[in-house]
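The first sequence begins at 0 in numbering that gives the first Met the number 0 and counts up by one.
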Amino acid sequence: MSDIRVRFSPAPTGFLHVGGARTALFNGLYARHTGGTFVLRVEDTDLDRSTGESVEQMQAVLRWLGLDWDEGPYVQSEHFDRHRAVAAQLLADGYAYECFCTKEELEARAESDRAGGRPPGYDGYCRDLDAATREARRGEGRPTTLRFRTPDTGRSTFLDVVRGEVAVDWELVRDFVLLRPDGTPVFYLANAVDDVDLAITHVVRGEDLVDTTHRVLAIRRAMGHDDQPVYAHCPLILGPGGHKLSKRFGAVSVEEYRDQGYLPEALLNFLALLGWGTSDGVEVMTAAEIAERFDLVDIVSSPATFDTKKLEWMNGEHLRRLALPDLVARVRPFVVERHGDRFDEERLVAGCALGHERATTLVSLAEQCGFLFAADTELAIDDESWRRLVGHDGAGELLAAATAHLERCDWSNEGVDLRPVVEAAGQKPRKAMHVFYSAIEGRAAGLPLWDSMVLLGRDSVLARIHAARSRLDGEARG
RNA sequence: GCCCCCAUCGUCUAGUGGCCUAGGACGCUGCCCUUUCAAGGCGGUAACGGGGAUUCGAACUCCCCUGGGGGCACCA
Numbered sequence: 000m001s002d003i004r005v006r007f008s009p010a011p012t013g014f015l016h017v018g019g020a021r022t023a024l025f026n027g028l029y030a031r032h033t034g035g036t037f038v039l040r041v042e043d044t045d046l047d048r049s050t051g052e053s054v055e056q057m058q059a060v061l062r063w064l065g066l067d068w069d070e071g072p073y074v075q076s077e078h079f080d081r082h083r084a085v086a087a088q089l090l091a092d093g094y095a096y097e098c099f100c101t102k103e104e105l106e107a108r109a110e111s112d113r114a115g116g117r118p119p120g121y122d123g124y125c126r127d128l129d130a131a132t133r134e135a136r137r138g139e140g141r142p143t144t145l146r147f148r149t150p151d152t153g154r155s156t157f158l159d160v161v162r163g164e165v166a167v168d169w170e171l172v173r174d175f176v177l178l179r180p181d182g183t184p185v186f187y188l189a190n191a192v193d194d195v196d197l198a199i200t201h202v203v204r205g206e207d208l209v210d211t212t213h214r215v216l217a218i219r220r221a222m223g224h225d226d227q228p229v230y231a232h233c234p235l236i237l238g239p240g241g242h243k244l245s246k247r248f249g250a251v252s253v254e255e256y257r258d259q260g261y262l263p264e265a266l267l268n269f270l271a272l273l274g275w276g277t278s279d280g281v282e283v284m285t286a287a288e289i290a291e292r293f294d295l296v297d298i299v300s301s302p303a304t305f306d307t308k309k310l311e312w313m314n315g316e317h318l319r320r321l322a323l324p325d326l327v328a329r330v331r332p333f334v335v336e337r338h339g340d341r342f343d344e345e346r347l348v349a350g351c352a353l354g355h356e357r358a359t360t361l362v363s364l365a366e367q368c369g370f371l372f373a374a375d376t377e378l379a380i381d382d383e384s385w386r387r388l389v390g391h392d393g394a395g396e397l398l399a400a401a402t403a404h405l406e407r408c409d410w411s412n413e414g415v416d417l418r419p420v421v422e423a424a425g426q427k428p429r430k431a432m433h434v435f436y437s438a439i440e441g442r443a444a445g446l447p448l449w450d451s452m453v454l455l456g457r458d459s460v461l462a463r464i465h466a467a468r469s470r471l472d473g474e475a476r477g
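Here is the structure:
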């Protein structure tokens, strides 16, 4: 095992976003690739927004994705004492100072700055108060926040694997909050302290955090640690049109993809290819294969767009690589959810076997198998398919001829072949077969029909065709 | 307003000065296969955002523009 230590540190304020999942993935991949340690740390310093439910959900989703961590979860709120102790030391050493401004005052001044064309942000109002003034402010019962005093001159620099050297003039970095009036630490403090305490060597995260790095590093130095972790800030994942990924464009949480029938290995594979790639052209890989090839230096520097179409294809690829029993196990929950009352394991297995080669998502396969769990007289035929059937020339005659054929044919895969029936009616199988698919499977396209009929049994098939004919007659009269 | 980043087919990307009349994958599309739909096989469509500069030579280096993204919180 190497000394490399990475961490995924989400704020538990909601669902795990696909962008967050990719960050977790890159961290996990790097740990696996290097034989390092993957740490999970919950950054819940904002107690108002953080929820225990979110912590649980994120862990469940990470596990579902197969992203198992080696250490943690460490929960920052359980270590506030440590953060406060560091804050006290920073105050004692002169790196921090007390600020007595109220939120309202800060907002009012920021507003007037904006109006006056001055940059918004803390203005250093309490930066140099003398001891007597501080004492007086405290006496007024004002809230006390602890602020970090950033340097006034010079430059802050750090090394980033994907962007090279990142630098900013300290002059542009405002003094920021370390401790809120209620004594809880803010992200910068907790993040800096915990990275030191957990001996994190590589920080892999989204580029929305680049600019915070200077502050975190400043705290780190003030704590007496001049070393820096290696940073890798990944470009964000965008939605269609190159715009921000938002709910308007579809699913953004990992759970949604899970519920839509995507395989964790497919989503993982797809996410890995978003912002990282190899030059050998191999795209469909197992997690282990990806980990073997993955490296921080190969992270792409431009943002990528989330393309659902490619995810779908990727899912099909992984679906086809599953052994039948495994596939059945994955589809089962989706089928039970839909047809719990009439669920039948043997039929599920048979249906999966028939649909394995053509499936794209677990949901689509579950839906294709649906007719196997329906009562013959209650088979739901989807509207679109029924319209096609009704509109098909000679549909009733075809169904009647099929009944005649199926009543006496040998009940085998060869015997139930309906092509002769279609041809006898002077039609082309390619054009007419949807009539039978709809009557028997409830949809114009589905699992191979001969096998499906054999599976259902003669009585069941005849009953379904009969039901379809009755409905057709009824509509013709009505 | 200020700071930072990014820019190759519709999309993900390969490409690090000549191997590029730019390669692969998804999508789209033509044909084949075919009991439907898929899957599969064989083809096709399609890109270096614009303008300068450096160089014998630029997708690759530099500058400007344009476009997109991120940041400037008592959110992370």
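For every residue, glycine included, the Cβ atom is placed at its ideal position computed from N, Cα and C. These figures come from a predicted structure and were not determined experimentally.
Supposed contact pair residue j and residue i - C-beta distance, whole angstroms, cut 8 angstroms
i	j	result
LEU371	GLY339	Contact flag wrong, Cβ pair sits at about 14 angstroms.
LEU244	PHE305	6 angstroms
SER300	ARG162	7 angstroms
ASN314	THR360	6 angstroms
SER469	ASP375	Between ASP375 and SER469 the Cβ distance is about 12 angstroms, and since that is not below 8 angstroms, they are no contact.
ALA443	ARG387	6 angstroms
Residue i classed as buried or exposed, judged by whether at least 16 other C-beta atoms fall within 10 angstroms
i	result
ARG219	buried
MET0	exposed
SER384	buried
TRP480	Residue 480 lies beyond the residue range present for the chain, which begins at 0 and ends at 477; the question has no answer from this structure.
ASP472	exposed
GLY27	buried
THR101	exposed
TRP275	buried
ASP43	buried
SER411	exposed
SER111	exposed
ALA303	buried
ARG341	exposed
ALA23	buried
ARG31	buried
HIS242	exposed
ARG429	exposed
ARG484	Residue numbering for the chain in the displayed model covers 0 to 477; residue 484 lies beyond these limits and cannot be assessed.
PRO332	exposed
Residue j beta carbon less than 8 angstroms from that of residue i
i	j	result
GLY178	LEU128	In the sequence on display, residue 178 carries Leu and not Gly. No, the pair does not count as a contact, with Cβ atoms beyond the cut-off.
ILE298	LEU273	no
PRO11	SER53	yes
VAL251	VAL17	yes
VAL203	PHE37	no
ILE199	VAL5	yes
LEU216	PHE269	no
GLU97	ARG133	yes
ASP181	TRP169	no
GLU206	HIS232	yes
ARG154	VAL167	yes
ALA466	LEU364	no
VAL195	HIS82	no
ALA431	HIS391	yes
LEU39	SER76	no
PHE99	PRO184	no
VAL165	VAL296	no
TYR73	LEU197	yes
ALA373	GLY456	no
HIS201	ILE3	yes
VAL281	GLU316	no
7 angstroms CB neighbourhood of residue i in its chain, flanking five on each side removed
i	result
ALA401	LEU417, VAL420, PHE435, ILE464
ARG292	THR277
MET57	PRO9, PRO11, LEU15
THR143	GLU97, PHE99, ARG137, PRO180
ARG337	ALA365, GLY369
LEU171	none
GLY123	ASP174
Cβ neighbours of residue i in the same chain (closer than 6 angstroms, five flanking residues each side left out)
i	result
TYR121	ARG173, ASP174
ARG214	PHE175, TYR187
Contact set for residue i: own chain, Cβ-Cβ below 8 angstroms, skip 5 residues either direction
i	result
LEU90	TYR96, GLU97, LEU145
PRO263	TRP63, LEU64, GLY65, ARG257
GLY483	Residue 483 is absent from the model: the chain starts at 0 and stops at 477.
LEU323	VAL348, CYS351, ALA352, HIS355
VAL389	LEU471, GLU474
| request: Please specify which runs of the beta strand (DSSP E), each continuous and at least 3 residues long, are wholly inside the segment 18–86, giving them in chain order. | output: Counting whole runs of 3 or more residues, the segment 18–86 contains the beta strand (DSSP E) stretches 36–41, 70–74.
| request: Enumerate, from N- to C-terminal direction, the unbroken alpha helix (DSSP H) stretches of 4 or more residues contained entirely within the segment 220–303. | output: Every alpha helix (DSSP H) of 4 residues or more that sits fully in the segment 220–303 is shown, in chain order, as 253–258, 263–271, 286–292.
| query | Curious, which full-length alpha helix (DSSP H) runs of at least 4 residues does the segment 92–163 contain? | reply | Runs found: 102–114, 130–138.
| request: Could I get the ranges of all uninterrupted alpha helix (DSSP H) runs contained in the segment 427–464, with 4 residues as the minimum, in chain order? | output: Every unbroken stretch of the alpha helix (DSSP H) spanning 4 or more residues and falling wholly within the segment 427–464 is given here in chain order: 428–440, 448–455.
| query | Taking the runs of the alpha helix (DSSP H) that are 4 residues or longer, which of them lie wholly in the segment 326–391? | reply | With a minimum length of 4 residues, the continuous alpha helix (DSSP H) runs that stay inside the segment 326–391 are 344–354, 361–368, 382–390.
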